[in-house]
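Top line first, the protein sequences correspond to chains S and A.
Residue 352 in my numbering sits at position 303 of the first sequence, and the numbers go up by one each step.
Residue 132 in my numbering sits at position 83 of the second sequence, and the numbers go up by one each step.
Glycine included, each C-beta is placed from N, C-alpha and C at the ideal position.
The structure under discussion appears below in the form of structure tokens.
Number of protein chains: 2
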Amino acid sequence: MTADSAAEPLARLAAERVDHRFKGLPPDADGLTVGELAAQRRNLFTGGFTTPVLALSAERLEHNLKLMEVYADRHGLAFAPHGKTSMAPQLFHRQIEHGAWGITLAVPHQVRVARAFGIRRVFLANELVDPAALRWVAAELDSDPEFRFVCYVDSVRGVELMDAALRGTSRPVDVVVELAAGEGARTGVRTEAECAAVADAVAGTRTLRLAGVAGYEGEVPRADPERVAAWLRRLVALAVDFDKAGRFDGLDEIVVSAGGSAWFDAVADVFADIPELSLPVLRLLRSGAYVSHDDGHYRKLTPFNRVPEEGALEPAFRLWTQVVSRPTAGQAFVNAGKRDAAYDLDLPFAQVVRRDGAERPADGVSVTALSDQHAWLRTTPEADLEVGDWVGLGLSHPCTSFDKWPLIPVAEADGAVVDYVRTYF
Amino acid sequence: MTADSAAEPLARLAAERVDHRFKGLPPDADGLTVGELAAQRRNLFTGGFTTPVLALSAERLEHNLKLMEVYADRHGLAFAPHGKTSMAPQLFHRQIEHGAWGITLAVPHQVRVARAFGIRRVFLANELVDPAALRWVAAELDSDPEFRFVCYVDSVRGVELMDAALRGTSRPVDVVVELAAGEGARTGVRTEAECAAVADAVAGTRTLRLAGVAGYEGEVPRADPERVAAWLRRLVALAVDFDKAGRFDGLDEIVVSAGGSAWFDAVADVFADIPELSLPVLRLLRSGAYVSHDDGHYRKLTPFNRVPEEGALEPAFRLWTQVVSRPTAGQAFVNAGKRDAAYDLDLPFAQVVRRDGAERPADGVSVTALSDQHAWLRTTPEADLEVGDWVGLGLSHPCTSFDKWPLIPVAEADGAVVDYVRTYF
């Protein structure tokens with residue numbers, strides 16, 4: 050459910066003026082509010098939008114939101130989708146309307162965005178040792194009894210720094226010990242013995258409360274289903290050991306959390322076998338990329354490839370660009386580059402060409418490089434491509450696609466733009 | 050000089066409220082205006098800023114602005130620095146105050162930003178065939194007699210599309226024929242014969258006016274000083290031929306433009322030898338990266354390495370991050386990643402470590418990878434690095450550094466933040 054405290058900031062988004070801040074929008078819409086422009090249901094291709102313009106598919110977005118709601122529900126998982134992917138409060142609230150427990154975030158700035166839009170439960174998948182940010186979190190906890198905040202700890206020193214910054218605040222901050230995904234992996238405590246030492250340090254403070262354990266299986270070295278499951282079983286065993294040791298006494302529930310976008314099937318399987326503990330367990334899944342999905346990296350990695358009977362995510366982004374140069378038979382250039390398209394995991398994929406209202410597959414057209422403001426296309430003799438054509442590009446990596454667009458048109462299949470998603474990066 | 054029409058929008062920037070839109074700013078500054086926060090001169094390290102936070106050096110920024118003013122002046126070059134680099138109207142106006150003729154841009158959205166802030170002269174270094182954007186440009190030209198707009202043409206079809214979109218508008222749009230930097234290079238007409246055909250097409254319209262020739266020497270294949278100079282001489286020869294053919298009759302001046310951030314010494318040399326034409330020549334240099342310069346790509350490429358007697362640019366960015374995890378003796382993680390730092394040309398460089406107010410070189414610390422929200426650091430035994438330390442990172446590539454930060458603190462050498470630069474991407 051959307052919290053009441055979210056209604057007003059979400060309404061303010063609809064009341065924002067369309068202007069130079071938002072690339073791709075129709076110049077003749079300047080001065081309209083975003084809500085007024087959405088109500089016009091302008092067509093993405095004929096309504097005055099300028100290229101490059103990134104569009105989200107309304108139907109695919111809704112499909113993905115629903116699919117992960119059903120998935121989490123079927124597997125008895127609570128869901129805190131990683132909000133760093135979109136940093137879009139409107140999508141945070143749609144995720145919560147679709148059953149999400151709360152929103153996962155990575156850095157305090159992102160928590161501030163979520164709080165500005167009334168998000169009640171935040172899982173910060175990072176250790177937080179910045180005194181200014183910790184004091185802000187403490188003030189938020191003090192001012193809103195319904196605000197639930199959980200973050201990682203992965204070192205005794207981190208616990209000490211947190212404790213020092215939080216002295217004198219009233220509500221303790223809930224923390225989960227982060228178990229690293231292996232040697233050489235990203236953040237997180239390497240061994241169970243060190244995990245116990247960090248938990249001891251937490252127990253020695255009045256400012257922190259040990260709420261559970263967590264980690265990120267996406268960083269398991271040389272990941273395969275067996276290695277990922279083995280690590281997830283280590284995480285569960287850590288929760289069991291901590292519980293047996295009485296470390297969770299006094300809580301209402303124990304948090305056990307994992308799950309990016311590549312292995313949530315393994316998380317579902319292993320978390321289904323969490324033995325009965327002394328308290329209810331919040332099995333918290335944190336996958337974020339599903340919301341838009343993609344045409345590259347996550348299309349290949351998604352667990353739905355292994356469990357097709359549970360459904361399939363649909364890539365919801367298409368970046369519309371225009372051919373501005375066709376200097377030779379083998380080359381073309383469109384007017385979108387690193388400023389507009391994700392390029393960290395794969396280059397964009399030329400999918401379709403539009404000319405005079407007709408759309409066809411981009412046969413013989415491929416993206417070979419990105420400049421800041423251009424994409425380099427290679428064309429084979431079969432390619433029918435002219436200056437002025439629109440080229441629709443598929444993208445790889447939702448996180449670095451969303452972050453290049455402060456306001457993203459959401460278009461229905463017929464091209465009608467029915468909504469605009471605001472992002473904060 | 051800053052145009053009068055810029056005073057009001059620039060004042061509006063100072064009146065913007067500090068809030069969740071702007072990462073890195075002090076949480077306790079929420080609700081202040083940007084101008085009020087600047088007036089407080091808060092210290093970057095003790096004033097409540099949260100990591101990660103990108104900072105610009107006030108002194109280095111001013112040094113770079115001044116150096117290129119002097120450079121362009123010394124070499125008789127008009128200067129239209131590429132605004133795509135910063136997309137910061139405040140910097141556009143400082144560039145103009147430092148003698149710039151106008152601002153170069155890449156796509157129509159960027160022109161809209163410039164126009165919203167009263168920029169009078171825009172060089173669009175791209176062909177523009179989008180009818181909605183062209184109609185907007187025509188309306189701007191109609192409504193402001195002082196608006197000077199020049200853009201590329203590189204194909205007969207491009208000319209036809211522009212002409213079709215501009216029919217019925219009053220002022221013709223000035224265009225320059227773009228000569229490609231060579232076979233396999235980026236946009237631009239490949240041969241002089243094709244350039245003449247494009248110029249013929251322009252002459253056949255009433256909506257376009259041929260204003261000169263231009264190109265981008267940064268894409269010369271296997272660039273070295275000789276090849277770059279040879280291409281620049283081709284560009285000058287094209288201007289001479291067009292002039293002899295009477296193609297510029299009726300103009301006040303002839304535009305000859307080139308110059309990115311890697312070869313402006315060659316541009317200065319070759320443009321100094323432009324022979325006398327039938328009209329004055331606007332020798333227009335477009336380098337943009339100089340404004341912040343960098344610690345990587347442009348540090349290596351800058352022409353000042355070849356002409357040290359003319360000065361040296363200074364890297365003006367430093368990204369401040371915090372160590373959130375130190376899981377092993379050889380690994381550490383800071384809380385900034387692809388969302389915060391340029392990563393397309395080089396990874397960031399660990400420069401300094403701050404602990405308890407003392408700053409020292411980041412000996413033994415190097416960045417080996419970026420996740421979305423983390424940087425992976427490798428540390429040797431000499432590295433003294435703990436959870437909580439701030440690590441200052443140098444960056445490579447100004448364009449993809451600016452574009453990750455909507456509001457960038459400008460700090461003096463003592464840490465006092467005296468201004469905030471707003472960007473629009």
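Indicate whether residue i and residue j have their beta-carbon atoms separated by less than 8 Å.
i, j, result
"E227 (chain A)", "D203 (chain A)", "yes"
"L62 (chain S)", "R427 (chain S)", "no"
"T351 (chain S)", "T100 (chain S)", "no"
"R91 (chain A)", "G84 (chain A)", "no"
"V251 (chain S)", "V208 (chain S)", "yes"
"V238 (chain A)", "A230 (chain A)", "no"
"A539 (chain A)", "E461 (chain A)", "Here chain A has residues from 50 to 474 only, and residue 539 (chain A) is not among them."
"R403 (chain S)", "D438 (chain S)", "yes"
"E266 (chain S)", "V277 (chain S)", "yes"
"E435 (chain S)", "V356 (chain S)", "no"
"L183 (chain S)", "L190 (chain S)", "no"
"F141 (chain S)", "P58 (chain S)", "no"
"V262 (chain S)", "A234 (chain S)", "no"
"A56 (chain S)", "T82 (chain S)", "no"
"G386 (chain S)", "S420 (chain S)", "yes"
"F382 (chain S)", "T236 (chain A)", "yes"
"V285 (chain S)", "V319 (chain S)", "yes"
"P368 (chain A)", "P397 (chain A)", "Residue identity differs from the one stated: residue 368 (chain A) is Leu in this sequence, not Pro. Result yes, Cβ atoms of L368 (chain A) and P397 (chain A) sit closer than 8 Å."
"G125 (chain A)", "A321 (chain A)", "yes"
"L456 (chain A)", "F94 (chain A)", "no"
With DSSP as the reference, identify every bridge partner of residue i, one or two as the case may be.
i, result
"G443 (chain A)", "A:F398"
"V305 (chain S)", "S:V262 and S:R332"
"T153 (chain S)", "S:H131 and S:F172"
"E408 (chain A)", "A:R403"
"C244 (chain A)", "DSSP output for C244 (chain A) lists no bridge partner at all."
"C200 (chain S)", "S:L173 and S:V224"
"T370 (chain S)", "S:V440"
"R471 (chain A)", "A:L456"
"R235 (chain A)", "The partner list for R235 (chain A) (beta bridge, DSSP) is empty, contrary to what the question assumes."
"T428 (chain S)", "S:V414"
Please name the residue in the options whose C-alpha comes closest to that of residue i.
i, options, result
"F366 (chain S)", "S:V340, S:K349 and S:A234", "S:V340"
"A174 (chain A)", "A:A424, A:F198 and A:A64", "A:F198"
"D301 (chain A)", "A:L110, A:L284, A:D179 and A:R258", "A:R258"
"R123 (chain S)", "S:P447, S:V467, S:E363 and S:V316", "S:V316"
"G337 (chain A)", "A:G125, A:M136 and A:E241", "A:M136"
"R388 (chain A)", "S:E266, S:V467, S:G167 and S:P447", "S:P447"
"A407 (chain S)", "S:D395, S:A418 and S:D463", "S:D463"
"Q144 (chain S)", "S:V285, S:L154, S:Y120 and S:K115", "S:K115"
"L154 (chain S)", "S:R170, S:R164 and S:K133", "S:K133"
"Y392 (chain S)", "S:G345, S:Q400 and S:G379", "S:G345"
"C200 (chain A)", "A:H112, A:D290 and A:A187", "A:A187"
Along chain S, which residues have their Cβ under 8 Å away from the Cβ of residue i?
i, result
"D421 (chain A)", "K133, A155, C448 and T449"
"F353 (chain A)", "Ordered by position in chain S, no residue passes the 8 Å Cβ test against F353 (chain A), which lies about 22 Å from the chain."
"R239 (chain A)", "P376 and T377"
"T236 (chain A)", "V373, S374, P376, F382 and H423"
"A137 (chain A)", "What A137 (chain A) touches in chain S: nothing, since even the nearest Cβ is about 13 Å away."
Which chain A residues are close to residue i, counting only those with a beta carbon under 7 Å from its beta carbon?
i, result
"K349 (chain S)", "Per Cβ cutoff of 7 Å: no residues; K349 (chain S) is ~18 Å from chain A at best."
"K48 (chain S)", "Outside the modelled stretch of chain S, which goes from 50 to 474, sits residue 48 (chain S), for which no answer is possible."
"V162 (chain S)", "H69"
"K387 (chain S)", "D393 and T449"
"A185 (chain S)", "The question names Ala, but residue 185 (chain S) in the sequence shown is Trp. Near W185 (chain S) (Cβ distances below 7 Å), the residues of chain A are P76."
List, in chain order, every chain S residue whose beta-carbon is nearer than 7 Å to that of residue i.
i, result
"D179 (chain A)", "T99, T100 and Q371"
"Y473 (chain A)", "H69 and R70"
"G207 (chain A)", "V436"
"A263 (chain A)", "Near A263 (chain A) there are no residues of chain S at all, since even the closest Cβ is about 13 Å away, more than 7 Å."
Run through chain A and tell me which residues come within less than 8 Å of residue i, C-beta to C-beta.
i, result
"H158 (chain S)", "H69, K72, G73 and T99"
"L210 (chain S)", "V436 and G437"
"S204 (chain S)", "S374, R375, P376 and V436"
"E176 (chain S)", "V373, S374 and V436"
"A229 (chain S)", "P376"
What residues of chain A sit near residue i, judged by a beta carbon separation below 9 Å?
i, result
"D223 (chain S)", "Residues of chain A passing the Cβ test: none, with the nearest at roughly 17 Å."
Return no unless some Cβ of chain B is closer than 8 Å to the Cβ of residue i.
i, result
"D452 (chain S)", "No chain B appears in the structure shown, which is made up of the protein chains S and A."
Practice problem: Could I get the ranges of all uninterrupted alpha helix (DSSP H) runs contained in the region 75-134 of chain A, with 4 residues as the minimum, in chain order? | Solution: 83-89 and 107-123
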